[in-house]
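Protein chains: 2
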Amino acid sequence: MDPKAIVLLSGGADSLTCLAWAAREKGWPCLALSFDYGQAHGPELQAARRAAQVFGVPHLTARLDPEPFAASALTGAGQVPKGRNPARIGRGIPSTYVPARNLVFLSLASALAETRRAERIVIGVNALDYSGYPDCRPEFLRVFQEALRLGTRSGVEGNPIRIEAPLLSLKKSEIFLLGARLGVDYSLSVSCYDPDPDGRACGSCDACLLRARGFRQAGLPDPTRYRSGVTPPAEA
Amino acid sequence: MDPKAIVLLSGGADSLTCLAWAAREKGWPCLALSFDYGQAHGPELQAARRAAQVFGVPHLTARLDPEPFAASALTGAGQVPKGRNPARIGRGIPSTYVPARNLVFLSLASALAETRRAERIVIGVNALDYSGYPDCRPEFLRVFQEALRLGTRSGVEGNPIRIEAPLLSLKKSEIFLLGARLGVDYSLSVSCYDPDPDGRACGSCDACLLRARGFRQAGLPDPTRYRSGVTPPAEA
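From first to last, the protein sequence lines are chains V and F. By the numbering used here, the letter at position 102 of the first sequence is numbered 102, and the numbering carries on one by one without gaps. By the numbering used here, the letter at position 210 of the second sequence is numbered 1210, and the numbering carries on one by one without gaps.
1. Residue ranges of each alpha helix (DSSP H) run of no fewer than 4 residues wholly in the region 1032-1057 of chain F, ordered along the chain?
2. What is the rounded straight-line gap between the Cα of F:Leu1188 and the Cα of F:Gly1011?
3. Less than 7 Å between the C-beta atoms of F:Ala1005 and F:Trp1028, yes or no?
4. Which residue comes first and which comes last in the beta strand (DSSP E) that contains F:Val1122?
5. Which chain V residues are close to F:Glu1139, counting only those with a beta carbon under 8 Å from its beta carbon?
6. Given V:Gly90, which residues of its chain have a CB within under 8 Å of its CB, disregarding the five upstream and five downstream residues?
7. Is F:Val1122 near F:Val1007, with beta carbons less than 7 Å apart?
8. Please confirm whether F:Leu1108 and F:Phe1055 have their CB atoms less than 7 Å apart.
9. Do V:Thr17 and V:Gly179 have their beta-carbon atoms positioned less than 7 Å apart in this structure?
10. Under the assumption that V:Leu148 contacts V:Gly158 (Cβ atoms under 8 Å), give the Cβ distance between them as a whole number of angstroms.
11. Given that a residue counts as buried once 16 or more other Cβ atoms are within 10 Å of its Cβ, and exposed if not, what is V:Arg137?
12. Assign F:Ala1175 to one of three DSSP states: helix, strand, or coil.
13. Can you check DSSP and say which residues form a bridge with V:Ile163?
14. Less than 7 Å between the beta carbons of F:Phe1176 and F:Ala1212, yes or no?
15. Within the region 84-124 of chain V, note down every full alpha helix (DSSP H) run reaching 4 residues or more, in order along the chain.
16. Alpha carbon to alpha carbon, what distance is there between F:Ser1095 and F:Gln1039?
17. Just to make sure I have the definition right: I need the residues of chain V whose C-beta is within less than 7 Å of the C-beta of F:Asp1065. Which are they?
18. Is DSSP giving V:Ala62 helix, strand or coil here?
19. Anything in chain V within Cβ reach of F:Leu1108, meaning under 7 Å, just list it in chain order.
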């Protein structure tokens, strides 16, 4: 069966919520797509594979030459920032910015969507917590949608692939509440930018801080596995 | 030294002309970028490597998972059309369309450009002979440029990577005359969609027909190596 939607699945909490939204709320036959681009947080990819299995969704991990993405703290260039005030995350472009990442991911997902006749791409970008990343903003998604209309076969034939970003305007706590309603087990996900080889979280990178605050604000238990000696980050 | 321009180098005649334009006419320090995406015409990639060597330009071949690109005659899905009237090439989207190819290539080139601090990407798209490909049209390039302005670090910091398409409005004969003026040896290039393993051309696919007509109209000798028994295509 052709998939109806390609779901970009990093293995983090947001993309896991997107998978639940597409597969369970929308009921779309999905194909999950992950990318191995040399990211230091490889346990995310294992989490993505596990999550796709749990959802019974076919899963493809596409390997990318790591060289174009080398200028990021997530691929080994410099340190992942730790212990920042969550209220300040999202101001300015962080060192964890990966050059043109969502542009590349959406482009490859578009190629796969045309090849597999999928109508939609689902991406877990969020413009509130991650406004520091230019490729997580609504204006970027709008212009990318326009590129699909003008630059692909399906677009010029009048059926452009549609970009779905269901989390775009949600707070982290709202994302977790949506996932909880859809029965998501967030222990499947790895959000940390700097996990240990077993996928246990550092507790102090931006992604850990936002995640812990999200569970707290949602009034949900935090199922994150932290490294030994690390306690869940407290209120900032 | 950081390159000033990333040149997309397929190994065909157009991208070879672009390399000459960027390196010799503009004098930019270049980095040539090729993609191995499972294309049947692998000898093009060998041609790209050789051409970069001749120009003394560093060269990167990025391997891409072939699965997203599987729905094309260039990647093995169906037959490459042969013997078409050159005047009709460019009407409608041909079976040699590769899903979202230039979107993917430009996106990866953009990532590499940000990582290597290059200011420009040079691409050999041409809207006259290849108007059947949606991703070879000026309106697509314009919206991609806008995606770079809005969706990348360099863009939001006010220095978006610039897309250069010096061949966009040239006829094939004009492309060859430009190359001849810049000392390009077109025997280095492989245009054929269906070459033999030695890179010798079939003489009857769209790319062979347009190339032969271009040399003829430019009044230049055709240095193409054809398969044994094949003579250069005559006037249609």
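All C-beta atoms in this analysis are idealised placements derived from N, C-alpha and C, irrespective of residue type, glycine included.
Straight from the coordinates:
1. As far as the region 1032-1057 of chain F is concerned, its whole alpha helix (DSSP H) runs of at least 4 residues are 1043-1055.
2. Walking along the second sequence from the start, residue 1188 of chain F turns up at place 188. Walking along the second sequence from the start, residue 1011 of chain F turns up at place 11. Going by C-alpha positions, F:Leu1188 is about 8 Å away from F:Gly1011.
3. Mapped onto the second sequence, residue 1005 of chain F falls at position 5. Mapped onto the second sequence, residue 1028 of chain F falls at position 28. Taking 7 Å as the Cβ cut-off, F:Ala1005 and F:Trp1028 qualify as a contacting pair.
4. As a first step, residue 1122 of chain F is located in the second sequence; it is residue number 122 there, counting from the start. Here the beta strand (DSSP E) through F:Val1122 covers Arg1120 to Val1122.
5. Translated into the one-based positions of the second sequence, residue 1139 of chain F becomes position 139. Within chain V, the residues near F:Glu1139 are Leu150.
6. Your numbering for residue 90 of chain V matches position 90 in the first sequence. Contacts found: Leu128, Asp129, Tyr130, Ser131 and Gly132.
7. As a first step, residue 1122 of chain F is located in the second sequence; it is residue number 122 there, counting from the start. As a first step, residue 1007 of chain F is located in the second sequence; it is residue number 7 there, counting from the start. Cβ distance < 7 Å, so F:Val1122 and F:Val1007 count as in contact.
8. Indexing the second sequence from 1 puts residue 1108 of chain F at position 108. Indexing the second sequence from 1 puts residue 1055 of chain F at position 55. No. Outside cutoff.
9. Here the question's residue 179 of chain V lines up with position 179 in the first sequence. Here the question's residue 17 of chain V lines up with position 17 in the first sequence. Less than 7 Å separates the beta-carbon of V:Gly179 from that of V:Thr17.
10. Taking the first sequence and counting its residues from 1, the one referred to as residue 148 of chain V is at position 148. Taking the first sequence and counting its residues from 1, the one referred to as residue 158 of chain V is at position 158. That pair is no contact at about 12 Å.
11. Position 137 of the first sequence, counted from the start, is the residue given in the question as residue 137 of chain V. Result: buried.
12. Looking up residue 1175 of chain F in the second sequence gives position 175. Checking the sequence, you will find Ile at residue 1175 of chain F rather than Ala. Of the three classes helix, strand and coil, the one that applies to F:Ile1175 here is helix, per DSSP.
13. For the purposes of this step, residue 163 of chain V is taken as the residue at position 163 of the first sequence. Bridge partners of V:Ile163: V:Ile121.
14. The residue given as residue 1176 of chain F occupies position 176 in the second sequence. The residue given as residue 1212 of chain F occupies position 212 in the second sequence. No, they are not a contact pair.
15. Counting only runs of at least 4 residues, the region 84-124 of chain V fully encloses the following alpha helix (DSSP H) elements, listed from N- to C-terminal order: 101-116.
16. Numbered from its first residue, the second sequence carries residue 1039 of chain F at position 39. Numbered from its first residue, the second sequence carries residue 1095 of chain F at position 95. Cα to Cα, F:Gln1039 sits roughly 13 Å from F:Ser1095.
17. Within the second sequence, residue 1065 of chain F is the residue found at index 65, counting from 1. Per Cβ cutoff of 7 Å: Ala62 and Arg63.
18. Mapped onto the first sequence, residue 62 of chain V falls at position 62. V:Ala62 falls in the strand class under three-state DSSP.
19. Residue mapping note: residue 1108 of chain F aligns to position 108 of the second sequence, counting from 1. Per Cβ cutoff of 7 Å: Pro68 and Val104.
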